[in-house]
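Since the structure comes first, as structure tokens, the remarks are kept for the end.
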Amino acid sequence: MTSDTATTDLMGDVGQSKRFLNRRRRETGLGYLMLAPSLLIFSVFVFYPFFKNFYLGFFRTPPFPGLPARYVGLDQFREVLTSDYFTNSFRVTIVFALLTVPAGIILGLLLAMVANQRLRGIGAYRTIFSSTVATSVAVASVIFGTLLNPQVGLLPWLGLTTNPAILENPKYALFAVAVTTIWQNLGLSFIVMSSGLQAIPDEIIEATEVDGARPWTRFWRVTLPLLSPTVFFAFVVGSIVAFQTFGQIDLLTQGGPIDKTNVLTYAIYKALRDQNEGKAAVLAVALFGVTLLLTTAQMRILERRVHYGN
Amino acid sequence: MATEFVGSISKPAVPIIDLVVSEEDRVAIAKRHRRRRTSIAIRYVFLTFLAAIILFPIYITIVNSLLTPLQIAARPPFFFPTKPTWGAYSDAWNAGHMSLYLMNSVIVTVLIVTGQIVTATCAAYAFAFLEFPLKRTLFIIFLATLMVPFEVTVITNLTTVVNLGWYNSYAGLAAPFMATGFGAFLLRQAFLGVPRDLRDAAALDGYGHWRFMVRVAVPLARPAMAALAVFSFLGAWNQYLWPLIVTKDSRYRTLQIGLRQLRATSLDQVNVTFAGVVIAALPLIILLVIFQKQLVRGLTAGAVKG
Chain U
936 MTSDTATTDL MGDVGQSKRF LNRRRRETGL GYLMLAPSLL IFSVFVFYPF FKNFYLGFFR
996 TPPFPGLPAR YVGLDQFREV LTSDYFTNSF RVTIVFALLT VPAGIILGLL LAMVANQRLR
1056 GIGAYRTIFS STVATSVAVA SVIFGTLLNP QVGLLPWLGL TTNPAILENP KYALFAVAVT
1116 TIWQNLGLSF IVMSSGLQAI PDEIIEATEV DGARPWTRFW RVTLPLLSPT VFFAFVVGSI
1176 VAFQTFGQID LLTQGGPIDK TNVLTYAIYK ALRDQNEGKA AVLAVALFGV TLLLTTAQMR
1236 ILERRVHYGN
Chain R
21 MATEFVGSIS KPAVPIIDLV VSEEDRVAIA KRHRRRRTSI AIRYVFLTFL AAIILFPIYI
81 TIVNSLLTPL QIAARPPFFF PTKPTWGAYS DAWNAGHMSL YLMNSVIVTV LIVTGQIVTA
141 TCAAYAFAFL EFPLKRTLFI IFLATLMVPF EVTVITNLTT VVNLGWYNSY AGLAAPFMAT
201 GFGAFLLRQA FLGVPRDLRD AAALDGYGHW RFMVRVAVPL ARPAMAALAV FSFLGAWNQY
261 LWPLIVTKDS RYRTLQIGLR QLRATSLDQV NVTFAGVVIA ALPLIILLVI FQKQLVRGLT
321 AGAVKG
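Protein chains in written order, with the working numbering: chain U, 936 to 1245; chain R, 21 to 326.
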């Protein structure tokens, strides 16, 4: 409530309060009008499809197009979620997140620490360290896909080769996709960690220098605790992004070999491509559940250890 | 400053200092000085080493885009284009449709960024400056959209867009992203920082809400606006899944999906693929160099406590 409407209220003048009511009504109308475009988009493209997933999951898509979908209740949920296909996909998604998120944060932090010193020309290094932020998933994937190609790629020539080729190798394919992802995200990770480091007041670092704390102690006892909100943020957002990985998989491995890189989003895409909406919907519900669980758990566990100052 | 001072006292020609600094001290200082210089050299070596690793994939991509397919396959490989050929670029640009893909990406990105800024500004203004019933609930609904990954909604969205007749069109590519819960939240925070007195003063001057929003609130929230612009730009530009499933031919394919097509062509045109990668990455690299500050702010919005 704005201050002038409050004064009108105190005056208790009937004519004025009628005007006040009118204005109030106008403000309500304007408020809804301003929210309307966003709410329209959200209803059509976020909430409706979100709830529709549960509905679609109750119907089994017929084997031939044209036949009506059959209502099967929770059967399809049970069937898909207990299948080996889903269990594998779920495990691959978790392993992928574990391979990419912590490594991305640690490398970004390392680069940020190294670049956070007063040296001539450090600006150029900063630009280089953040440069991969200009690469998209597709750019990074095509670069690495070609570099790893057994016929024309440079990495096999440098001795980085397996039999069968890395991207067709059940043992290493996911790892190769993870390395591509870490490289592509490195610039972003560096930028986020750097801004976290720069937000730490210089006086605190200088004070510990005067106290004679060794660099290693200083890092563990001072820098890292003060940086923990940034690390926490990077961890939560990074995990969510990792669970939505799609482009790298599509460009590098198409979910193969033998489903070893078939992350949840790719499984959804494949079900959708096969026009199996029911299965795709169940997988989408699972993806949402996992994301929600994960973020809530991370909030609960990590937030307690995060140092927020004041 | 500190080094200059140390340097001046280590000069033996200054007698008055000689009284204070003993011979052993001078040796120790010189030693420390030398060690410092070595440590700086080591730091540069380390920095350069890291930079080289990070840049290597980009460097080799540029080199390969200037080689012939035969040279790319040659062993030992070329690490420098001795006779650069630019043919791959014109092939990627014309036959590879990269010019078309680039235009599509620009159009879709402009649509999405403009749309998000307009809808988010309006919504944020309502949340920050207006009073109306259910405001709290509606705000929570906005935040709830952040919990739903786009991949979860993709199945029905495809059906919706097909039913609207927007399959394989700019409208279909942009429509689902015309609103943003994150953007509304970000701008609301910025608007809450606008002093209330300003609104009251503007109201006395006869400013309605729309005029106040455009003339006062938006200019004051410029840093947050720029952050949102950068954030939604990168999101829109880098989209992959949605443009992949909602387009069917090169008329509406974006750069990211165009790269997928380009890569699918045979290996004897691998230089064209590399040229395509450079073309696809160039716009963002140019923007990164020009708008580094805004980019950093946009990417870290929310990461570090204000």
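Just so you know, even glycine gets a beta-carbon here, dropped at the ideal spot from N, CA and C.
Using a CB distance cut-off of 8 Å, MET1234 of chain U does not count as an interface residue toward chain R.
A check of alpha carbon separations from VAL138 of chain R across R:THR267, R:PHE162, R:MET198 identifies R:MET198 as the nearest.
Distance from the CA of ALA93 of chain R to the CA of LEU1121 of chain U, rounded to the nearest whole angstrom, comes to 29 Å. Inter-residue distance for LEU218 of chain R and LEU970 of chain U is about 23 Å (C-alpha atoms, whole angstroms). As the crow flies, the alpha-carbon of PHE149 of chain R is around 29 Å from that of PHE1168 of chain U. ARG55 of chain R: member of the alpha helix (DSSP H) spanning 43-85, first to last residue. Between GLN276 of chain R and SER1071 of chain U, the gap from beta carbon to beta carbon is short of 8 Å.
For ASN124 of chain R, not one C-beta of chain U is nearer than 8 Å to its own C-beta. Secondary structure of TYR109 of chain R (DSSP, three-state): helix. For the 8 Å CB-CB criterion, HIS117 of chain R and GLY278 of chain R form a contact.
Here DSSP, grouped into helix, strand and coil, assigns ARG958 of chain U to helix.
Per DSSP, reduced to three states, the secondary structure at TYR1006 of chain U is strand. Put simply, of R:ASP225, R:GLN289, R:GLY213, R:PHE294 the residue whose alpha carbon is nearest the alpha carbon of PRO239 of chain R is R:GLY213. Annotated as distal: ALA204 of chain R and ALA241 of chain R, with beta-carbon spacing of 8 Å or more. Fewer than three beta-carbon pairs drawn from the stretch 1040-1048 of chain U and the stretch 1211-1221 of chain U are found closer than 8 Å, and the two stretches are therefore not classed as touching. The bridge partners DSSP lists for PHE994 of chain U are U:TYR1006. Under the Cβ distance rule, ALA112 of chain R does not count among the residues neighbouring chain U, no pair being separated by less than 8 Å. Contact check for ARG1005 of chain U against PHE989 of chain U fails: the beta carbons are separated by 8 Å or more.
The Cβ of GLU151 of chain R sits closer than 8 Å to at least one Cβ of chain U.
Here the stretch 1133-1142 of chain U makes no contact with the stretch 1196-1207 of chain U; the two share fewer than three CB pairs at distances below 8 Å. At the C-beta level, SER1076 of chain U and GLY1182 of chain U come within 8 Å of one another.
The residue among R:VAL297, R:PHE152, R:ALA71, R:TYR79 with its C-alpha nearest the C-alpha of LEU122 of chain R is R:VAL297. Think of a sphere of 8 Å around the beta carbon of GLU1103 of chain U: no beta carbon from chain R falls inside it, the nearest being about 15 Å out. Burial is judged here by how many other beta carbons sit within 10 angstroms of a residue's own beta carbon; ALA108 of chain R has at least 16 and is buried. Between TYR260 of chain R and VAL250 of chain R, the alpha-carbon positions lie close to 18 Å from each other.
Non-local beta-carbon contacts of LEU1123 of chain U in its own chain, meaning distances under 6 Å to residues more than five positions away in sequence, involve VAL1068 in chain order. Annotation: ILE1078 of chain U to PRO998 of chain U spans about 39 Å, alpha carbon to alpha carbon. LEU1109 of chain U sits away from LEU1083 of chain U, with the two beta carbons spaced by 8 Å or more. Taken atom to atom, the span from the alpha-carbon of ILE78 of chain R to that of GLN1119 of chain U is near 11 Å. Identification of residues in the stretch 1068-1101 of chain U having a C-beta nearer than 9 Å to some C-beta of chain R yields VAL1068, ALA1069, THR1070, SER1071, VAL1072, ALA1073, VAL1074, ALA1075, SER1076, VAL1077, ILE1078, PHE1079, GLY1080, THR1081, LEU1082, ASN1084, GLN1086, VAL1087, LEU1089, TRP1092, given in sequence order. Using a Cβ-Cβ cut-off of 7 Å, TYR260 of chain R is close to VAL1072, ALA1073, PHE1181, GLY1182 of chain U, given in chain order. Note on the stretch 1135-1193 of chain U: whole alpha helix (DSSP H) runs with a minimum of 4 residues are 1137-1145, 1150-1153, 1159-1178, 1182-1187, in chain order. Neighbours of THR1200 of chain U in chain R, taken as residues at a C-beta separation under 8 Å, are given in chain order as GLU171, LEU261.
By the criterion of a C-beta distance shorter than 7 Å, LEU178 of chain R is surrounded in its chain by ILE265, VAL266, once the five residues flanking it on both sides are discounted.
The continuous alpha helix (DSSP H) containing ILE1041 of chain U extends over residues 1019-1050. Excluding the 5 residues flanking it on each side, SER270 of chain R has same chain C-beta neighbours closer than 8 Å at HIS117, LEU120, TYR121, GLY278, GLN281, in chain order.
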